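Protein chains: 2
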Amino acid sequence: MISGTTALVGHLGFPTHTFTSPLILNPWFDAAGIDAAVVPMGSRPADYPAFFRGLFTVTNLRGALVTMPHKVTTMDLVDEVTAVAAVAGATNAVVRLEDGSLLGGQFDGTGFVQGLVGKGFDPPGRSALVVGAGGVGSAIAASLAAAGVAALELFDPDAAASSALAGRLAQHFPEVSVTTGSRDPQGFDLVVNATPLGMHPDDPLPVDVDRVDPGCHVGDVVLSTDRTPLLVAAQERGCTVQPGSDMLFEMLPAIVDFFGLGSVTAAQLRGVARLRG
Amino acid sequence: MISGTTALVGHLGFPTHTFTSPLILNPWFDAAGIDAAVVPMGSRPADYPAFFRGLFTVTNLRGALVTMPHKVTTMDLVDEVTAVAAVAGATNAVVRLEDGSLLGGQFDGTGFVQGLVGKGFDPPGRSALVVGAGGVGSAIAASLAAAGVAALELFDPDAAASSALAGRLAQHFPEVSVTTGSRDPQGFDLVVNATPLGMHPDDPLPVDVDRVDPGCHVGDVVLSTDRTPLLVAAQERGCTVQPGSDMLFEMLPAIVDFFGLGSVTAAQLRGVARLRG
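Protein sequence lines, in the order shown, are assigned to chains A and B. Residue numbers 6 to 282, in my numbering, belong to the letters of the first sequence in order. Residue numbers 6 to 282, in my numbering, belong to the letters of the second sequence in order.
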């Protein structure tokens with residue numbers, strides 16, 4: 006129960022009515038006896054910078070979850086960002102450190118990578134093709150780099166987007182070999198669709214599945230269904246697959262840790278979540 | 006449980022760890038199925054005005070409870086105040102109206118007056134002596150005027166304080182006869198101690214109890230004990246008495262109504278409160 010000693014985590018976005026993290030994290034804090042609460046706070050873009058600065062003067066605020074439409078704007082409102090956030094160009098969690106400074110992190114890709122690990126895919130030394138260099142693709146590429154992949158191929162219909170992402174990766178993760186411009190999946194250990202293709206049944210496939218290695222792991226970020234045409238075709242080919250719905254639960258343990266609010270697993274969160282519908 | 010549809014009520018003050026209203030109102034909202042939550046937010050004086058303005062841009066915020074040290078400052082941060090708040094010179098609750106404007110109310114005295122009514126004292130037409138013209142004395146005098154007392158005598162060792170309060174009462178409640186400068190309790194239907202006298206056992210009495218009419222109702226705002234020397238002496242004289250502890254629970258139903266969050270009684274709140282210690 007919220008009291009004057011509760012560590013607050015603002016959940017900043019607009020609109021708020023579809024927010025799911027409070028329905029997962031608050032039951033967990035309650036069950037685990039952790040005196041913390043995620044509080045949705047709707048903020049329109051024009052109001053956001055001033056609201057954000059004022060909010061972080063609140064003495065019992067631990068940090069904030071940041072969601073649409075504020076993930077990019079928030080980069081300029083914090084004192085420092087993690088390498089993953091810098092590569093992604095966006096932050097979805099801000100913590101106030103002990104010296105009062107604000108650190109922005111980015112965990113959208115962490116959930117994806119944790120999902121991989123949970124399915125037995127070990128990133129270090131592996132090669133990956135990421136199709137889509139927008140917000141989620143950038144976040145996944147950054148998290149894959151942070152997790153130790155050896156080589157990344159980035160493809161986006163907007164070549165400037167994949168080139169810019171490659172440049173940010175080279176700056177923050179110089180040990181990763183990054184190339185751009187091809188979406189041929191042949192030879193990769195991991196293929197990720199980070200585009201909206203697959204939300205609609207008649208969407209074209211993001212890659213040519215006939216050229217995916219049967220031993221490849223294929224992941225999708227589309228949330229509307231666990232059986233996108235890409236994942237169905239990859240599975241028929243013998244690949245292991247990973248749906249987009251894994252990302253949310255897998256991301257939250259890393260965020261709880263980032264806020265210094267204890268240790269939890271995705272399975273524990275699934276056990277207490279009170280999602281609707 | 007807090008979700009993205011929950012109507013937030015900020016609870017603004019510093020420090021926050023002693024806040025009691027969340028421990029009373031949140032269990033009530035929970036028990037009654039009202040999708041609202043009181044969220045303590047600690048704000049230091051230097052940070053407060055900017056934080057307050059930003060907070061009220063939050064789309065799912067219904068209003069705020071305001072406590073020390075912000076009750077006076079908040080007067081300048083809202084668009085309008087109630088007559089009771091104007092007389093008290095302080096606001097302890099702010100609601101955002103449908104047109105987006107902010108209305109400040111003052112319910113510190115409401116609890117006291119509701120306590121009187123609950124004990125069978127009917128304010129309209131009666132006379133009252135209020136000793137102490139500081140924050141709580143001003144709030145009680147304002148609420149007594151709003152409740153319809155015919156005559157108020159105000160006394161404060163600082164004569165300018167009681168004169169200024171009399172002036173504000175004359176402006177907002179011209180129908181009430183207001184005098185100042187005496188603390189002789191003789192002839193009053195109600196005598197209120199709104200000073201800290203009585204917190205310590207060796208404090209002098211705020212009024213000469215030998216001159217209190219036996220049919221008089223005597224109230225105290227001291228919270229540390231229900232048996233202040235004043236109330237003990239008044240009771241021995243045959244007076245009915247009212248301790249300061251009645252005020253909190255009696256105030257909150259009026260605030261819940263002010264926020265448009267339903268109807269509740271003090272007894273219902275007492276039944277669900279999870280106060281500690």
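C-beta: ideal position from N, C-alpha, C; glycine also. Everything numeric in this text was worked out from a predicted model, so none of it was measured.
Asked                                                                                                                                                                                       : Found
Would you say A:Val63 reaches chain B, if we count a Cβ-Cβ gap shorter than 8 Å as a contact?                                                                                               : yes
Rounded to the nearest angstrom, what separates A:Thr78 and A:Asp52 at their Cα positions?                                                                                                  : 12 Å
To the nearest angstrom, how far is it from the Cα of B:Pro50 to the Cα of B:Gly224?                                                                                                        : 32 Å
Specify whether the segment 68-87 of chain B and the segment 61-77 of chain A touch according to this definition: at least 3 beta carbon pairs, one from each stretch, less than 8 Å apart. : no
Once DSSP output is grouped into helix, strand and coil, what is the label at B:Asp35?                                                                                                      : helix
Does any residue of chain A have a CB that is nearer than 8 Å to the CB of B:Ile7?                                                                                                          : yes
Helix, strand or coil for B:Pro234? Go by DSSP, reduced to three states.                                                                                                                    : helix
Whose C-alpha, out of A:Gly186, A:Gly18, A:Asp215, A:Leu257, is nearest the C-alpha of A:Ala272?                                                                                            : A:Leu257
Bridge partners of B:Gln247, per DSSP?                                                                                                                                                      : B:Gly224
If contacts are defined as beta-carbon pairs under 8 Å, then B:Arg131 and B:Asp194 qualify, I think. What distance do you get, rounded to the angstrom?                                     : 4 Å
Hey, would you say B:Asp81 sits closer than 8 Å to B:Leu107, going by beta carbons?                                                                                                         : no
Would a C-beta distance cut-off of 8 Å place B:Leu210 and B:Leu236 closer than the cut-off?                                                                                                 : no
With distances taken from CA atoms, which of B:Val197, B:Phe56, B:Gly123, B:Ala155 is nearest B:Gly142?                                                                                     : B:Val197
Using a Cβ cut-off of 7 Å, pull out every chain B residue sitting near A:His22, in sequence order please.                                                                                   : Gly9, Thr10
Quick one, which residues of the segment 27-50 of chain A are near chain B if we go by CB-CB under 9 Å, in chain order?                                                                     : Pro27, Leu28, Asn31, Pro32, Asp35, Ala42, Val43, Val44, Pro45, Met46, Gly47, Ser48, Arg49
Would you report the Cα separation of A:Lys124 and A:Glu255, rounded to the nearest angstrom?                                                                                               : 12 Å
What are the uninterrupted segments assigned as alpha helix (DSSP H) that are 4 or more residues long and contained completely in the segment 98-160 of chain B, given in chain order?      : 113-123, 140-151
If the criterion is Cβ atoms closer than 8 Å, does the pair B:Ala91 and B:Arg173 meet it?                                                                                                   : yes
Hey, would you say A:Val89 sits closer than 8 Å to A:Leu13, going by beta carbons?                                                                                                          : no
Roughly how many whole angstroms lie between the Cα atoms of A:Phe24 and B:Thr200?                                                                                                          : 48 Å
Got a sec, what are the start and stop residues for the alpha helix (DSSP H) B:Ser283 sits in?                                                                                              : Given a span of 6 to 282 for chain B in the structure shown, any question on residue 283 of chain B remains unanswerable.
In chain order, which alpha helix (DSSP H) runs of at least 4 residues are fully inside the segment 11-70 of chain A?                                                                       : 26-37, 53-60
When the distance is taken between beta carbons, is B:Ala151 closer than 8 Å to B:Val135?                                                                                                   : no
Looking at the C-beta of A:Ala55, does it have a partner C-beta in chain B at a distance below 8 Å?                                                                                         : yes
Please classify A:His16: is it buried, with 16 or more other beta-carbons within 10 angstroms of its beta-carbon, or exposed?                                                               : buried
Looking only at C-alpha atoms, which of B:Phe57, B:Leu157, B:Ala155 sits nearest to B:Gly109?                                                                                               : B:Phe57
Which one of B:Asp161, B:Leu159, B:Ser229, B:Phe160 has the shortest CA to CA distance from B:His205?                                                                                       : B:Ser229
Please state the DSSP three-state secondary structure of B:Leu280.                                                                                                                          : coil
Please report whether the beta-carbon of A:Asp52 lies at a distance below 8 Å from any beta-carbon of chain B.                                                                              : yes
Just list the residues that DSSP pairs A:Glu85 with in beta bridges.                                                                                                                        : A:Leu108
Report the three-state DSSP secondary structure of B:Val197 (helix, strand or coil).                                                                                                        : strand
For B:Met6, does the count of other Cβ atoms within 10 angstroms reach 16, so buried, or fall short, so exposed?                                                                            : exposed
Identify the continuous alpha helix (DSSP H) that holds B:Arg242 and give its terminal residues.                                                                                            : No alpha helix (DSSP H) holds B:Arg242; DSSP gives it neither H nor E.
Considering only the alpha carbon of each residue, which of B:Gly153, B:Leu149, B:Ala171 lies closest to B:Leu159?                                                                          : B:Ala171
Could you tell me which of A:Phe19, A:Ser8, A:Pro20, A:Leu28 sits nearest to B:Ser8, measuring between CA atoms?                                                                            : A:Leu28
If you count every other CB in all the chains shown that lies within 10 Å of the CB of B:His22, and 16 or more means buried, which is it?                                                   : exposed
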